[in-house]
Amino acid sequence: MASAMNGCGGGGGGGGGGVMKRMGLLRVQYYCVMGFVAAAVVLATLRYMPAPATAPPTVDGGGATVRSSAATVDSAAAAAAAAPGGGGVERGKGKRKHVWSGEEEEVAAEKKAAAGVVVFNFGDSNSDTGGVAAVMGIHIAAPEGRAYFHHPTGRLSDGRVILDFISTLDRTTRTARLPAPGTRHARGGVADTWQPSKLCDPLANGEYGVYWFGVVFVYFQCKNSKARSSRKEHLCTFNEGESLNTHHLSPFMRPLGADYNNGVNFAIAGSTATPGETTFSLDVQLDQFIFFKERCLESIERGEDAPIDSKGFENALYTMDIGHNDLMGVLHLSYDEILRKLPPIVAEIRKAIETLHKNGAKKFWIHGTGALGCLPQKLATRGEIDRDLDEHGCITRINNVAKRFNKLLSETCDDLRLQFASSTIVFVDMFAIKYDLVANHTKHGIEKPLMTCCGHGGPPYNYDPKKSCTANDKDLCKLGEKFISWDGVHFTDAANEIVASKVISGEFSIPRIKLTASVVRPKKAKNSRRELRRARAMAMASPTNGGGGGGNKVISLRLQYYCVLAAVVVAVMVLSLAFVSPSAMGAAVRQNLGSVVAATAAAGEGADASAAASGAGVAATTAGEEEREQAAAAGVVLFNFGDSNSDTGGVAAAGGIRIMPPEGRTYFHHPTGRLSDGRVIIDFICESLNTRELNPYLKSIGSDYSNGVNFAMAGSTVSHGVSPYSLNVQVDQFVYFKHRSLELFERGQKGPVSKEGFENALYMMDIGHNDVAGVMHTPSDNWDKKFSKIVSEIKDAIRILYDNGARKFWIHGTGALGCLPALVVQEKGEHDAHGCLANYNKAARQFNKKLSHLCDEMRLQLKNATVVYTDMFAIKYDFVANHTKYGIKWPLMVCCGNGGPPYNFKPGKFGCDDLCEPGSKVLSWDGVHFTDFGSGLAAKLAMSGEYSKPKVKLASLVNAGSNKSSDS
Numbered sequence: 001m002a003s004a005m006n007g008c009g010g011g012g013g014g015g016g017g018g019v020m021k022r023m024g025l026l027r028v029q030y031y032c033v034m035g036f037v038a039a040a041v042v043l044a045t046l047r048y049m050p051a052p053a054t055a056p057p058t059v060d061g062g063g064a065t066v067r068s069s070a071a072t073v074d075s076a077a078a079a080a081a082a083a084p085g086g087g088g089v090e091r092g093k094g095k096r097k098h099v100w101s102g103e104e105e106e107v108a109a110e111k112k113a114a115a116g117v118v119v120f121n122f123g124d125s126n127s128d129t130g131g132v133a134a135v136m137g138i139h140i141a142a143p144e145g146r147a148y149f150h151h152p153t154g155r156l157s158d159g160r161v162i163l164d165f166i167s168t169l170d171r172t173t174r175t176a177r178l179p180a181p182g183t184r185h186a187r188g189g190v191a192d193t194w195q196p197s198k199l200c201d202p203l204a205n206g207e208y209g210v211y212w213f214g215v216v217f218v219y220f221q222c223k224n225s226k227a228r229s230s231r232k233e234h235l236c237t238f239n240e241g242e243s244l245n246t247h248h249l250s251p252f253m254r255p256l257g258a259d260y261n262n263g264v265n266f267a268i269a270g271s272t273a274t275p276g277e278t279t280f281s282l283d284v285q286l287d288q289f290i291f292f293k294e295r296c297l298e299s300i301e302r303g304e305d306a307p308i309d310s311k312g313f314e315n316a317l318y319t320m321d322i323g324h325n326d327l328m329g330v331l332h333l334s335y336d337e338i339l340r341k342l343p344p345i346v347a348e349i350r351k352a353i354e355t356l357h358k359n360g361a362k363k364f365w366i367h368g369t370g371a372l373g374c375l376p377q378k379l380a381t382r383g384e385i386d387r388d389l390d391e392h393g394c395i396t397r398i399n400n401v402a403k404r405f406n407k408l409l410s411e412t413c414d415d416l417r418l419q420f421a422s423s424t425i426v427f428v429d430m431f432a433i434k435y436d437l438v439a440n441h442t443k444h445g446i447e448k449p450l451m452t453c454c455g456h457g458g459p460p461y462n463y464d465p466k467k468s469c470t471a472n473d474k475d476l477c478k479l480g481e482k483f484i485s486w487d488g489v490h491f492t493d494a495a496n497e498i499v500a501s502k503v504i505s506g507e508f509s510i511p512r513i514k515l516t517a518s519v520v521r522p523k524k525a526k527n528s529r530r531e532l533r534r535a536r537a538m539a540m541a542s543p544t545n546g547g548g549g550g551g552n553k554v555i556s557l558r559l560q561y562y563c564v565l566a567a568v569v570v571a572v573m574v575l576s577l578a579f580v581s582p583s584a585m586g587a588a589v590r591q592n593l594g595s596v597v598a599a600t601a602a603a604g605e606g607a608d609a610s611a612a613a614s615g616a617g618v619a620a621t622t623a624g625e626e627e628r629e630q631a632a633a634a635g636v637v638l639f640n641f642g643d644s645n646s647d648t649g650g651v652a653a654a655g656g657i658r659i660m661p662p663e664g665r666t667y668f669h670h671p672t673g674r675l676s677d678g679r680v681i682i683d684f685i686c687e688s689l690n691t692r693e694l695n696p697y698l699k700s701i702g703s704d705y706s707n708g709v710n711f712a713m714a715g716s717t718v719s720h721g722v723s724p725y726s727l728n729v730q731v732d733q734f735v736y737f738k739h740r741s742l743e744l745f746e747r748g749q750k751g752p753v754s755k756e757g758f759e760n761a762l763y764m765m766d767i768g769h770n771d772v773a774g775v776m777h778t779p780s781d782n783w784d785k786k787f788s789k790i791v792s793e794i795k796d797a798i799r800i801l802y803d804n805g806a807r808k809f810w811i812h813g814t815g816a817l818g819c820l821p822a823l824v825v826q827e828k829g830e831h832d833a834h835g836c837l838a839n840y841n842k843a844a845r846q847f848n849k850k851l852s853h854l855c856d857e858m859r860l861q862l863k864n865a866t867v868v869y870t871d872m873f874a875i876k877y878d879f880v881a882n883h884t885k886y887g888i889k890w891p892l893m894v895c896c897g898n899g900g901p902p903y904n905f906k907p908g909k910f911g912c913d914d915l916c917e918p919g920s921k922v923l924s925w926d927g928v929h930f931t932d933f934g935s936g937l938a939a940k941l942a943m944s945g946e947y948s949k950p951k952v953k954l955a956s957l958v959n960a961g962s963n964k965s966s967d968s
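Read in UniProt numbering, the sequence shown has 345 at position 345, and its numbers run on one by one without any break.
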């Protein structure tokens, strides 16, 4: 067993290098796994035989330290410790090989390892890792993402953004006493991950020391002849790269594949520091952070799992890279006018830092803006005001603005550093870093520093604002060419890597602090046992110890992973067999061998399992089998599009809005983001269909989308461009969700909804109320034209959903808007016999008539589709007109309001000074939205089919067989 382990880890001793050289990696992987399986069978047999004497393991098994998230197998260190004369010299194949060994020292007991690094980022497109694509349902096509991910990810780059390098790359130093090798020795690695290294001892010179994805790689060279001949140990200090073992930060509002254990990225492309300018300005991103933190801590208080605990928030690194769009928005002004605009922008960033500090943040990493005057976009579209270029071809005026902004931001950080003495606040001069790429471009291997890679028009800028780049464009730079600008504004993967390395170095920071794990993690005790084990393991990773004698052959990560996996499985088997009776042993061995094969198959397909949705693991079955199993086991699937009448918490999550009690008091007993004391109509529909409440699309924390998604957002309209989440955006979000879900199945992972799930789902719409209310402020002779336009946009939405496989539609008309207490009190107009505004109800009926006709039309046009229209006006107006039938005393009175009967509503006054008793039969909760009681009544009648056209019960439509057309 020892020899098998050593053979996997380091090539099998003296002949290991030759073996590795002669056979392919796949064969080695196969033999490693099968070797462990065979070993397991032997162990099972030996379970009932006398144990033989155990010989000490030999030194020539050498090997690497292989780490996985589940376990650590340190075979090399164990072998070295057990071998007699752990250090020394051995002979093999005529070559003198030195076995490196760590120096034994007395050390204190090691404390529990500190938690991993947690990062929270706030910013714009410079650090957006896919947020805007997920939020808006934007389909970003190739060639975006071609350089690193090899597919579009939502980043506005051909690969990674600076944040990706920061979150996954950490420069930390390790020190150990290692013997100087006699010749140039190398341990396999990837060349572009090597980092410079040095030896503290003047007798020797070490070139590289890399710690890559948890696996040690060493590359040392001793150039000094005296050092080579002395064979003495020397104190070596070397760098480690990629040592955080953390993944790229997930966007806050990405519904599938998000993992927030290492932090959250709140950055959204287009965002500004100034509030109100964009949907996700810095203040909104802060609200989202507070929302996220509260949800995490609430989950922990309830005894549930949460991605980050209180210590994680306290020790986290808070990064900001924002302000670029604010500057872009004022560059059309004169220079003096621009300078007057800068202090308010910086003040917003200061306010954000102060807010985070109040919420426990202690470590801040603030980026200044870059050399905006060097962007190809600005150069290609500059006007007369920006004709003055500097010696490197950049616009002088714009760069002066950027430098002035950075000066103000740096001074603000200085001030806050004094104000928050216990905090670390670092300012990074991004202008100096990015301008250096242009000024000294040849040093970085860049030939055309001001030219766009993905653009049109050729030199000097290759930028055309009227054209977007595609994968087949003749002006697209070749893969591998070094360009700074990807699209005229955003950087390439290659440029971002250079920038990130300078950011991390601390050379451009105030104060000069390197961005390493030690900045975020609590410091560990020096000279710990873990440090000695790691140093010893790095010594054993030397090719002279069987790890690379075969022509410096690289041991693949997958091979190392297989070996660890097999070893773990063997350990489990041995423990299991220790308690199995002899009669049951044969069956147990067969069962465990099957588990090994299944686990190995799963491992081969699951290298990227971190992208699985909602913690889904790697599937052992094929994508097709997984999808069929999901479809067979799946229940009802619903997709809802709407506004606040059916929002189940989306707007609260997206905007980070803290909704306080008494919201949610009736059913959930705590606020849920619903604008009600309890449930909304969609909740009752879900309950009647024996499925759980729909999760909002943008609430990615703790959401399960296996029964569908709720895209409804409070304030939404049908008309696009009026609200951030208009109907067309919600439909785009659905298309994005469907694409991502099916993509997971194609990769052999478990997506939330299968292809059959999408085809058999119910597609609901409850939207248009805000549009009708808006039309009421226009002349009545324009209503017909405006309603026709609104309904035509609903038609477009239904058509797009149909083209994406939807076949069952349930469309709600608008309610009796003229009976809403908020409108009755605030709006002028004639009242009908029941106290409702006649003109508002007239408009609602007119809109519903057009919507009903549309559903009739679509029913004829869409082959194999069922389109049901439900008259919500008739349902809700009846609650007022015949209120006594439902046990309602005051049909126009608000439950949570002010002023008492008959309306209990005072314009401009918030809160619930006059709150109705729990269980009261009141329709309106806040003057606009229904109570749990009112929504329950409306849902029951809507589902009955009595108010539908055609008269179909909701349950009958949902439970109908699959309606697949030939072209679906």
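Note that CB positions come from ideal geometry on N, CA and C, so glycine has one too.
- In the DSSP assignment, Asn399 falls outside any beta strand (DSSP E) and within the unbroken alpha helix (DSSP H) covering 396-419.
- In this chain, the alpha helix (DSSP H) harbouring Asn728 covers 727-746.
- For Arg692, the closest of Leu698, Lys699, Asp704, Ser700 by C-alpha to C-alpha distance is Asp704.
- Annotation for Met320: the continuous beta strand (DSSP E) segment containing it runs 317-321.
- Residue state for Pro671 is assigned as coil, using DSSP reduced to three classes.
- With fewer than 16 other Cβ atoms from the protein chains shown falling within 10 Å of its own Cβ, Ala833 counts as exposed.
- Taking Thr129 as the centre and dropping the five residues before and after it, the same chain places the C-beta of Thr153, Gly154, Arg155, Val161, Leu163, Asp164, His248, Leu249, Ser250, Pro251, Asn265, Ala267 closer than 8 Å to its C-beta, in chain order.
- Around the beta carbon of Gly908, a 10 Å sphere encloses fewer than 16 other beta carbons of the protein chains shown; the residue is thus reported as exposed.
- Per DSSP, the beta bridge partners of Tyr869 are Ile811, Lys949.
- Under the DSSP assignment, Phe291 falls in the alpha helix (DSSP H) whose first and last residues are 282-301.
- In this structure, Leu820 lies away from Phe879, with their beta-carbon atoms at least 8 Å apart.
- Separation of the CB atoms of Phe431 and Thr369 is rounded to 7 Å, and the pair is thereby assigned contact status at 8 Å.
- Excluding the 5 residues flanking it on each side, Val731 has same chain C-beta neighbours closer than 6 Å at Ala797, Ile800, in chain order.
- From the listed residues Ala316, His456, Arg387, Lys407, the smallest Cα separation to Pro343 is found for Lys407.
- Inter-residue distance for Arg302 and Leu862 is about 48 Å (C-alpha atoms, whole angstroms).
- Counting the other Cβ atoms within 10 Å of the Cβ of His490 gives 16 or more, which makes it buried.
- At a cut-off of 3 residues, the continuous stretches assigned as beta strand (DSSP E) that sit fully inside the stretch 422-465 are 424-428.
- Beta-bridge partners assigned by DSSP to Leu638: Gly708, Leu762.
- For Pro662, the CB contacts under 8 Å within the same chain, skipping 5 residues up- and downstream, are Asp677, Cys896, Cys912, Leu915 in chain order.
- Val729 and Asp643 have their C-alpha atoms some 12 Å from each other.
- A residue is called buried once 16 or more other Cβ atoms fall within 10 Å of its Cβ, and Asp781, having fewer, is exposed.
- Within the same chain, and ignoring the five residues on either side of Leu837 in sequence, the residues whose Cβ sits closer than 7 Å to its Cβ are Gly818, Leu823, Val824, Glu827, Gly829, His831.
- Residue pairing for Pro696: DSSP places it in a beta bridge opposite Asn710.
- Rounded to whole angstroms, the separation of the alpha carbons of Ala938 and Ser688 is 13 Å.
- Lys362 sits in coil when the DSSP states are folded into three classes, being neither helix nor strand.
- With a contact defined as Cβ atoms closer than 8 Å, Ile338 and Val346 miss out at about 13 Å.
- Secondary structure of Pro251 (DSSP, three-state): strand.
- In the structure shown, the three-state DSSP call for Leu915 is strand.
- For Val636 and Glu759, the gap between their C-alpha atoms comes out near 11 Å.
- Under the Cβ criterion (8 Å, minimum of three pairs), the stretch 647-655 counts as touching the stretch 282-297.
- For Phe910, the three-state secondary structure derived from DSSP is coil.
- Taking C-beta atoms as the reference points, Ile767 and Val709 fail to come closer than 8 Å.
- In the three-state scheme derived from DSSP, where H, G and I count as helix and E and B as strand, Ser157 is classed as coil.
- If you check the CB distance, Gly393 and Leu450 come in under 8 Å.
- The C-beta distance from Phe508 to Asp388 rounds to 26 Å, too long to fall under 8 Å, and the pair is not in contact.
- With distances taken between CA atoms, Asn959 lies nearest to Ala761 out of His441, Arg658, Ile659, Ala761.
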